[in-house]
Amino acid sequence: MNSLILNRSQCSRHRIVVVFGWGVVTLLCLLNFARPVQAQLPTGITKSRWAMDDPDYAQKYADGAEKTDVPGKIKQAADARFLKDSSGCYFSGGLTAFGTSSNPMGSLELGYTGYGTSFMTNRMGFVAAANDDDYFLGGELGMRFQTPTRLAPFVGWGLFAGASSTTESADDDNIDNDDDGDIDEWGEEEESFDGALMAIYPETGIHFWWTPRVRISGFGRYLVTTEGRDADAWYYGASIAILSK
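Numbering (my numbering), first residue to last: 14 to 258.
#1: Could you check whether Pro-68 and Trp-223 sit closer than 8 angstroms to each other, using their CB atoms as the reference points?
#2: By a C-beta neighbour count over all protein chains shown, 10 Å radius and 16 as the cutoff for buried, is Pro-225 buried or exposed?
#3: Does DSSP classify Leu-96 as helix, strand or coil?
#4: Rank Thr-130, Gly-129, Gly-106, Arg-62 by C-alpha distance to the C-alpha of Gly-119 and give the top, closest one.
#5: Which residue's Cα is closest to the Cα of Asp-146: Asn-116, Met-133, Gly-208?
#6: Which whole-angstrom value describes the C-beta separation of Gly-152 and Gly-138, a residue pair presumed to lie in contact below a C-beta threshold of 8 angstroms?
#7: Given a threshold of 16 other Cβ atoms within 10 Å of its Cβ, counted over all protein chains shown, does Thr-126 qualify as buried or as exposed?
#8: Please confirm whether any heavy atom of the ligand HEM lies closer than 7 angstroms to the CB of Met-156.
#9: Helix, strand or coil for Ala-71? Go by DSSP, reduced to three states.
#10: In whole angstroms, what is the alpha-carbon distance linking Asp-245 and Thr-160?
#11: What does Ser-230 pair with, by DSSP beta-bridge criteria?
#12: Taking the continuous alpha helix (DSSP H) assigned at Ala-91, which residues delimit it?
#13: Among Asn-135, Ala-71, Gly-77, Ala-78, whose alpha-carbon lies nearest the alpha-carbon of Gly-101?
#14: Which runs of the alpha helix (DSSP H), 4 residues or longer, sit entirely within the region 113 to 178?
#15: For the structure I just gave you, are there three or more beta carbon pairs, one from the region 233 to 244 and one from the region 77 to 96, closer than 8 angstroms?
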C-alpha cells in the first residue's frame with residue numbers, strides 16, 4: 014500500500030510540474046501569436062527579395078540587385094542574417110523507439126526558441142511522449158548552429174530529462190486502484206511510476222523560412238540515454254516555429 018501511495022504521489026507531482034511548464038510556455042506563445050500570421054504561400058516565389066516585410070532586410074535591399082546581377086540576386090534570395098534577436102514559440106512532433114522495442118513512441122513538444130546570433134539558436138521545451146504501454150513527461154533544452162540563410166542546414170545538441178509512468182493490469186491485487194469503492198474489478202489497471210530517464214543527443218536537420226516569421230524544420234537525433242546503450246534510440250521529427258523581434 015505504501016508503494017502504491019508513493020507511486021501515485023510521484024506521478025502527481027510530476028504531472029503538476031509538467032503542466033505548469035506547459036502553461037508558462039503556452040502563455041509565452043499566446044503573447045507571441047498576438048501579432049497575426051496569415052496563411053500564405055512562401056514569400057519570394059516570384060522575386061528574390063523574399064523578406065521585405067522585415068524592416069532590417071527591407072532597408073538593406075531597398076534598391077535590390079540589377080536583373081543582370083546574378084550573384085546579387087542569389088545573395089538577397091538567401092540572406093537571413095536579419096533574424097538575429099528574433100524569438101518565439103515552436104511546436105514539434107516526432108517518433109522514436111527505445112532500444113530494440115517494436116512499439117515506437119509518438120511525441121509532442123511545445124517550447125520557446127531564440128536567435129542569439131544569426132547563426133545560433135537556443136531553445137527550451139516541454140515534451141509528452143506515449144505509446145500503448147507507457148508515457149514520458151519531461152523537458153528539454155538545446156542549441157543549434159545553422160547557416161544564416163533562408164534554407165539553413167544545422168547541427169546541434171540537446172538534453173532531455175523526464176520520467177515515465179506505465180499502466181499494468183491490477184484486477185487481482187486486492188486493491189481499489191481506481192478509488193471507486195470496488196476492489197479487483199474486471200479490467201482494473203494500476204498506473205505506477207516507472208523511473209526517470211535522461212538523454213543527451215547530437216542532432217542534424219534543415220530549416221526553411223516559409224516567410225520572415227514562419228520557419229519549418231525537419232531533424233534527426235540520436236538519444237544517448239542513462240539506461241545504457243541498449244536503450245539508445247533514433248528520433249525523427251518536424252517542427253514549425255513563429256518568431257518575431
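Idealized CB from N, CA, C, for every residue including glycine.
In short:
#1: no
#2: buried
#3: helix
#4: Gly-106
#5: Asn-116
#6: 7 angstroms
#7: buried
#8: Only the bare structure without any ligand can be found here, which leaves the ligand HEM out of the picture.
#9: helix
#10: 29 angstroms
#11: His-220, Ser-252
#12: 83 to 91
#13: Asn-135
#14: none
#15: no
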